[in-house]
Amino acid sequence: MPKIIDVELTRLRIAKAAGKAIAGKGISAVTMIDIANAAGVTTGMITHYFEGKADIIAAALRVLFLNMERKIAHLLEKGETDLATLLGAAIPTSKSQCEDSVIWVNFWGVIATDPEFRNLNAALHREGKKIYDRVIWTAWPESEEWSTDVFETAVRAIVTFLFGLSAGGVTNRAVWTTSVQRSQLELHLRMVRYWARQQALMSCGWELDSGANNSVHVSMEGLELGSPRRRTSSYSAVCPSSLFLSSFTTVCHG
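Each residue of the sequence shown is one higher than the one before, counting from 651 in my numbering.
What follows is the structure, encoded as structure tokens:
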């Protein structure tokens, strides 16, 4: 009886092996023979399942997304909702994640001069953004009320920072230690969230002005109001969402 081969599992196995080969030699230097040896298959088998080197690299990079999604899903199953902890799965804070980041940094190094890889990068960016969108919505429920422009700007700011942490974590590990990466990520997320919440408040008609009396001054259609920072109950007249109000309270106090 002929052996039945699971095509997707075989592709996945080769893609994982390709990732290890890339991490060891780099995208430019790695060959089909290197990948075949790492996977324990022949080059003929690789060409049977993949159209070429670029196709294999694309599959290897998608495995990295799969790794990240699984780690995030595991954290969510345990009840984790802290965004810095969830996004920690995307930066080189462990041995396996360092290997993943090495592959990404190698890939970024070739896209500037290779049109085929630039197109691949654009496609992968769209795929990765869907993951980041879902994670941010989960960890920051109030983000669902932000305008599209505010949300997209916040996501770009976060993803760009994650890329920088990945690069620093694999090229200058002595400086960008796990603890430094984590503390910098937490700081960046606080700043992004604060900015986004301010934008959301202003979109509701509030004009923010922190004065010497520690009040938040707002204007809505010419109506001037001033209220102590700790009083948020009156805000429901303009922005009734409980999520929004709890978010603003957090901005003011924590």
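C-beta atoms are modelled at their ideal positions from N, C-alpha and C, and glycine is treated no differently.
Computed from a predicted model, the values in this text were never measured in an experiment.
In the structure shown, Val805 adopts helical secondary structure according to DSSP, grouped into three states. Under the DSSP assignment, Glu792 falls outside any alpha helix (DSSP H); it carries neither an H nor an E label.
Taking the Cα positions, Thr735 is about 42 Å away from Gly694.
The alpha-carbon of Leu851 is positioned some 29 Å away from that of Gly729.
When the five nearest sequence neighbours on each side are left out, the beta carbons in the same chain lying within less than 6 Å of the beta carbon of Lys670 are those of Ala688, in order along the chain. Setting aside the 5 residues that flank it on each side, Phe811 is surrounded in the same chain by His838, each with a C-beta closer than 6 Å to its C-beta; the list follows chain order. Nearest C-alpha to Glu727 among Gly759, Cys854, Val825, Thr788: Thr788. In the three-state scheme derived from DSSP, where H, G and I count as helix and E and B as strand, Thr828 is classed as helix.
Beta-carbon to beta-carbon, Thr743 and Thr828 are separated by about 4 Å, close enough to satisfy the 8 Å threshold. Nearest to Leu711 by alpha-carbon distance, out of Val820, Glu795, Lys666, Ser833, is Lys666.
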